[in-house]
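Working notes for the structure below.
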Amino acid sequence: GENVEQHPSTLSVQEGDSAVIKCTYSDSASNYFPWYKQELGKRPQLIIDIRSNVGEKKDQRIAVTLNKTAKHFSLHITETQPEDSAVYFCAANNQGGKLIFGQGTELSVKP
Amino acid sequence: NAGVTQTPKFRILKIGQSMTLQCTQDMNHNYMYWYRQDPGMGLKLIYYSVGAGITDKGEVPNGYNVSRSTTEDFPLRLELAAPSQTSVYFCASSSAGGGGTEAFFGQGTRLTVV
Chain L
1416 GENVEQHPST LSVQEGDSAV IKCTYSDSAS NYFPWYKQEL GKRPQLIIDI RSNVGEKKDQ
1476 RIAVTLNKTA KHFSLHITET QPEDSAVYFC AANNQGGKLI FGQGTELSVK P
Chain H
125 NAGVTQTPKF RILKIGQSMT LQCTQDMNHN YMYWYRQDPG MGLKLIYYSV GAGITDKGEV
185 PNGYNVSRST TEDFPLRLEL AAPSQTSVYF CASSSAGGGG TEAFFGQGTR LTVV
């Protein structure tokens, strides 16, 4: 079945450094790849997404890249700030309507 | 605009009891999902629906049932609760799952089975 693998599971960076989280997916029919941020005790919220007809998308300090041939996509956060500390999830859909999430990455930004 | 609303927010069940987690959305979304999130873990898809009257199994459907009689509501039924079902349950909805649009989450239901 469909599978989404996410790495690393934890990531610690200094404030101002960049953070990169990587995901791979198994279903070649997947065409939508969102990234969610979940703060402690809160619900996941979308921070950026990318569709299969685009290779890269950027929104201020956040960017996502997609390599369809290799079936992997990555989240890049530049100039990290303490408020970026949270758990980040990648996800991939399929044509049947499923939305499968990766295992999550706990990002800690140290002041 | 309320978005996705889940009830209850918290519940303690005894082993063997049953309950229904309610989920309703007011965005006229066709796609709805139920996920469970164990402590320190990711979101696992339990069941999903692509429209009223249509449901399908996700990654971890055992021990659960769903129905989708209306576009707005997608209740999750737990029969014979077990300690392994202790988790936080999230309901989500989106306008086009296959085509790819943002999934909006409810605030979650924290369930403990003792």
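Taken in sequence, the protein lines are chains L and H.
In our numbering, each number is its position in the first sequence, counted from 1, plus 1415.
In our numbering, each number is its position in the second sequence, counted from 1, plus 124.
Just so it is clear, CB atoms sit at the ideal spot from N, CA and C, and this is done for glycine as well.
Burial state of L/LEU1481, where buried means 16 or more other Cβ atoms lie within 10 Å: Result: buried.
H/PHE198: contacting residues in chain L (beta-carbon distance under 8 angstroms): Within chain L, no residue comes near H/PHE198; the closest Cβ sits about 13 angstroms away, beyond 8 angstroms.
Within the region 141 to 186 of chain H, ranges of the alpha helix (DSSP H) (whole runs, at least 4 residues): Runs of the alpha helix (DSSP H) inside the region 141 to 186 of chain H: none found.
Of the residues L/ILE1462, L/ILE1436, L/GLU1454 and L/HIS1487, the one placed nearest L/ASN1418, counting alpha carbons only: Among L/ILE1462, L/ILE1436, L/GLU1454 and L/HIS1487, the Cα nearest to that of L/ASN1418 is on L/HIS1487.
Test: H/ASP150 CB closer than 9 angstroms to a CB of chain L: With 9 angstroms as the cut-off, H/ASP150 does not count as an interface residue toward chain L.
Listed by chain order, chain H residues near L/GLN1518 by CB distance under 8 angstroms: Within 8 angstroms Cβ-Cβ: MET165 and GLY166.
Of the residues L/ALA1507, L/SER1523 and L/PRO1526, the one placed nearest L/ALA1444, counting alpha carbons only: For L/ALA1444, the closest of L/ALA1507, L/SER1523 and L/PRO1526 by C-alpha to C-alpha distance is L/ALA1507.
CB contact flag (H/ILE136, H/VAL238, <9 angstroms): Their beta carbons are under 9 angstroms apart, which means H/ILE136 touches H/VAL238 by this criterion.
Bridge partner(s) assigned by DSSP for L/PRO1449: Answer is L/ASP1464, bridged to L/PRO1449.
Reference H/TYR159; option with closest CA among H/PRO207, H/LEU204, H/ASN189 and H/GLN141: Relative to the Cα of H/TYR159, the nearest Cα in the group H/PRO207, H/LEU204, H/ASN189 and H/GLN141 belongs to H/ASN189.
Backbone secondary structure at L/ASP1442 - three-state DSSP: In the structure shown, L/ASP1442 sits in coil (DSSP, three-state: anything other than H, G, I, E or B).
Buried/exposed call for H/MET165, threshold 16 Cβ in 10 Å: H/MET165 is exposed by the Cβ-count criterion.
Opposing strand residues paired with L/ILE1492 [DSSP bridges]: Partner residues in the beta bridge of L/ILE1492, as assigned by DSSP, are L/ALA1434 and L/ILE1477.
H/GLU203 to L/LEU1522 span [Cα, whole Å]: Between the C-alpha atoms of H/GLU203 and L/LEU1522 there is a straight-line separation of about 36 angstroms.
Min CB distance H/VAL184 to chain L below 9 angstroms: By this cut-off, H/VAL184 is not an interface position.
CB-CB length for H/PHE214 against H/SER173, believed under 8 angstroms: With a Cβ gap of about 15 angstroms, H/PHE214 and H/SER173 do not count as contacting.
L/PHE1504 - containing beta strand (DSSP E), residue span: L/PHE1504 -> beta strand (DSSP E) spans 1501 to 1508.
Rounded C-alpha distance that separates L/GLY1519 from H/LYS138: Near 30 angstroms, if we compare the C-alpha coordinates of H/LYS138 and L/GLY1519.
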